[in-house]
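*Asks:*
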Amino acid sequence: AKEPVRVLVTGAAGQIGYALVPMIARGVMLGADQPVILHMLDIPPAAEALNGVKMELVDAAFPLLKGVVATTDVVEACTGVNIAIMVGGFPRKEGMERKDVMSKNVSIYKSQASALEQHASPNCKVLVVANPANTNALILKEFAPSIPAQNITCLTRLDHNRALGQISERLNVQVCDVKNVIIWGNHSSTQYPDVNHATVKTPSGEKPVRELVKDDGWLNGEFITTVQQRGAAIIKARKLSSALSAASAACDHIRDWVLGTPEGTWVSMGVYSDGSYNVPAGLIYSFPVTCCNGEWTIVQGLAIDEFSRKKLDLTGAELSEEKELAYSCLS
Ligand code: NAI
Numbered sequence: 002a003k004e005p006v007r008v009l010v011t012g013a014a015g016q017i018g019y020a021l022v023p024m025i026a027r028g029v030m031l032g033a034d035q036p037v038i039l040h041m042l043d044i045p046p047a048a049e050a051l052n053g054v055k056m057e058l059v060d061a062a063f064p065l066l067k068g069v070v071a072t073t074d075v076v077e078a079c080t081g082v083n084i085a086i087m088v089g090g091f092p093r094k095e096g097m098e099r100k101d102v103m104s105k106n107v108s109i110y111k112s113q114a115s116a117l118e119q120h121a122s123p124n125c126k127v128l129v130v131a132n133p134a135n136t137n138a139l140i141l142k143e144f145a146p147s148i149p150a151q152n153i154t155c156l157t158r159l160d161h162n163r164a165l166g167q168i169s170e171r172l173n174v175q176v177c178d179v180k181n182v183i184i185w186g187n188h189s190s191t192q193y194p195d196v197n198h199a200t201v202k203t204p205s206g207e208k209p210v211r212e213l214v215k216d217d218g219w220l221n222g223e224f225i226t227t228v229q230q231r232g233a234a235i236i237k238a239r240k241l242s243s244a245l246s247a248a249s250a251a252c253d254h255i256r257d258w259v260l261g262t263p264e265g266t267w268v269s270m271g272v273y274s275d276g277s278y279n280v281p282a283g284l285i286y287s288f289p290v291t292c293c294n295g296e297w298t299i300v301q302g303l304a305i306d307e308f309s310r311k312k313l314d315l316t317g318a319e320l321s322e323e324k325e326l327a328y329s330c331l332s
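Numbering-wise, the sequence shown is residues 2 to 332 according to UniProt numbering.
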């Protein structure tokens with residue numbers, strides 16, 4: 002039998018947390034043969050709700066779940082974890098300045114970075130979900146210098162999956178037959194969903210999405226804005242954020258990272274830029290990646306046309322500006 006893997010979920014009493022922890026305990030994230038111990042962190046005002054989630058996890062009698070730590074103590078939460086899913090953060094409330102929200106999250110991610118660095122398992126893999134996801138991940142990276150930079154990522158898989166879903170609906174094909182869309186840049190409305198290399202499996206072989214959709218106006222217009230604005234559309238409809246799809250995407254992100262991407266398929270992950278595709282180095286930026294043996298590699302050599310170039314640069318500029326704002330909160 003495999004040794005249990007310890008998985009931390011911060012913000013576990015929140016909406017995404019509530020959808021995510023049962024998925025992890027059922028083996029959706031790490032496989033149906035991988036036992037897990039869940040570490041759940043939240044803040045004191047949510048301690049009672051967090052304990053309620055723990056009670057439900059016990060009541061669900063998940064065979065793979067070998068233990069639950071529910072705590073408001075960040076050191077206890079981080080101790081020995083192999084995987085950390087950072088969902089906790091300070092939400093933007095009405096009337097708050099961007100700088101104030103950034104400042105709250107910078108201080109949260111700075112202190113949680115130190116706790117992870119000191120107490121997590123040495124090769125701990127980190128996924129930041131809480132917004133501003135890319136910049137929270139960057140702060141975490143900066144304040145956990147002994148964690149390898151390639152172990153710190155942020156979630157853009159939800160945007161990636163949304164793009165797959167839009168193409169599948171438009172062409173009336175199965176979503177599993179669509180692949181290799183790309184989300185470039187920030188998990189924000191400046192992200193660039195790119196279909197220039199995406200394909201669909203058809204009875205007569207793999208075909209480019211561009212060839213099948215035919216309508217470039219839709220692909221360069223409404224498709225992009227629909228994916229960019231999808232989070233807001235869900236909030237409008239549900240009066241709550243997209244918790245189910247975010248939790249599912251977090252499982253996809255970790256599963257592919259740990260267990261590998263299928264041959265010929267790439268996925269989108271927010272990772273520490275090495276300057277590939279002339280994206281500024283030193284940002285956490287979403288790229289197309291393949292994963293093997295627990296490591297991701299940016300897909301190289303994809304052609305970037307002029308339309309795409311502008312969009313890659315625009316979302317990169319927003320991230321540089323966010324980085325500056327985050328640093329200004331530190332001083
Ligand atoms: P929520 O407000 O329901 O839950 C957040 C939880 O975090 C709360 O229980 C809160 O008490 C907790 N929390 C606050 N500060 C904390 C701290 N310092 N340590 C530990 N826990 C703390 O929010 P929801 O809907 O679960 O969303 C969580 C985050 O995920 C938000 O920032 C949201 O914007 C982001 N998000 C990101 C997506 C992505 O694709 N990257 C998609 C959807 C949401």
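Think of the CB as a built atom: it goes at the ideal place given N, C-alpha and C, for glycine as much as any other residue. Just so we're clear, the structure is a prediction, and the values are computed from it rather than from any experiment.
Figure out for me which residue from T266, V8 and C252 has the closest Cα to the Cα of A121.
*Replies:* Reading the sequence shown from its first residue, position 120 is the one you call residue 121. Nearest option by C-alpha distance: V8.
*Asks:* Alpha carbon to alpha carbon, how far is D216 from D160?
*Replies:* As a first step, residue 216 must be located in the sequence shown, where it is residue number 215. As a first step, residue 160 must be located in the sequence shown, where it is residue number 159. Spanning the two alpha carbons is a distance of roughly 21 Å.
*Asks:* When you measure from the CB of T11 to every non-hydrogen atom of ligand 1, does any distance come out below 7 Å?
*Replies:* Here residue 11 corresponds to residue number 10 of the sequence shown, with the count starting at 1. At least one heavy atom of ligand 1 is nearer than 7 Å to the Cβ of T11, so yes.
*Asks:* What does DSSP give as the partner residues of G271 in its beta bridges?
*Replies:* Locating residue 271 in the sequence shown gives position 270, counting from the first residue. G271 is bridged to C155 and S287.
*Asks:* Taking the CB atoms as reference points, tell me whether V268 and D257 lie closer together than 8 Å.
*Replies:* As a first step, residue 268 is located in the sequence shown; it is residue number 267 there, counting from the start. As a first step, residue 257 is located in the sequence shown; it is residue number 256 there, counting from the start. Against a cut-off of 8 Å, the Cβ pair of D257 and V268 comes out as a contact.
*Asks:* When you measure from the CB of residue 337 to every non-hydrogen atom of ligand 1, does any distance come out below 7 Å?
*Replies:* No answer is possible for residue 337: it lies beyond the span of the chain, which begins at 2 and ends at 332.
*Asks:* Excluding the 5 residues flanking L66 on each side, which residues of the same chain have their C-beta closer than 7 Å to its C-beta?
*Replies:* As a working mapping, residue 66 is identified with position 65 in the sequence shown. Around L66: A26, V37, L39 and L58.
*Asks:* Ignoring anything shorter than 3 residues or poking outside the segment 78-106, list the beta strand (DSSP E) runs there in chain order.
*Replies:* Those beta strand (DSSP E) runs which fall completely within the segment 78-106 and span 3+ residues are 84-87.
*Asks:* Here's a check: name, in chain order, each residue in its chain whose Cβ is nearer than 7 Å to the Cβ of residue 334, leaving out the five neighbours to either side.
*Replies:* Past the edges of the chain, shown from 2 to 332, lies residue 334, and the structure says nothing about it.
*Asks:* State yes or no: is the C-beta of L159 nearer than 7 Å to some heavy atom of ligand 1?
*Replies:* Counting from one through the sequence shown, the residue named residue 159 turns up at place 158. Flag set: Cβ of L159 near ligand 1.
*Asks:* Straight-line CA distance for Q301 to Q151?
*Replies:* In the sequence shown, counting from the first residue as 1, residue 301 sits at position 300. In the sequence shown, counting from the first residue as 1, residue 151 sits at position 150. Going from the Cα of Q301 to the Cα of Q151 covers about 17 Å.
*Asks:* Which value, in whole angstroms, describes the spacing of the CA atoms of P133 and G218?
*Replies:* Stepping through the sequence shown from its first residue, residue 133 is reached at position 132. Stepping through the sequence shown from its first residue, residue 218 is reached at position 217. For P133 and G218, the distance between alpha carbons rounds to 30 Å.
*Asks:* Whether or not the segment 63-80 and the segment 7-23 are in contact is what I'm after, with contact meaning three or more pairs of Cβ atoms, one per stretch, closer than 8 Å; do they touch?
*Replies:* The segment 7-23 vs the segment 63-80: in contact.
*Asks:* Determine whether the Cβ of A114 lies closer than 8 Å to any Cβ atom of chain C.
*Replies:* Of the chains in the structure shown, none is chain C; there is only one protein chain.
*Asks:* Are C79 and A116 closer than 8 Å when you measure CB to CB?
*Replies:* Taking the sequence shown and counting its residues from 1, one reaches residue 79 at position 78. Taking the sequence shown and counting its residues from 1, one reaches residue 116 at position 115. Taking 8 Å as the Cβ cut-off, C79 and A116 qualify as a contacting pair.
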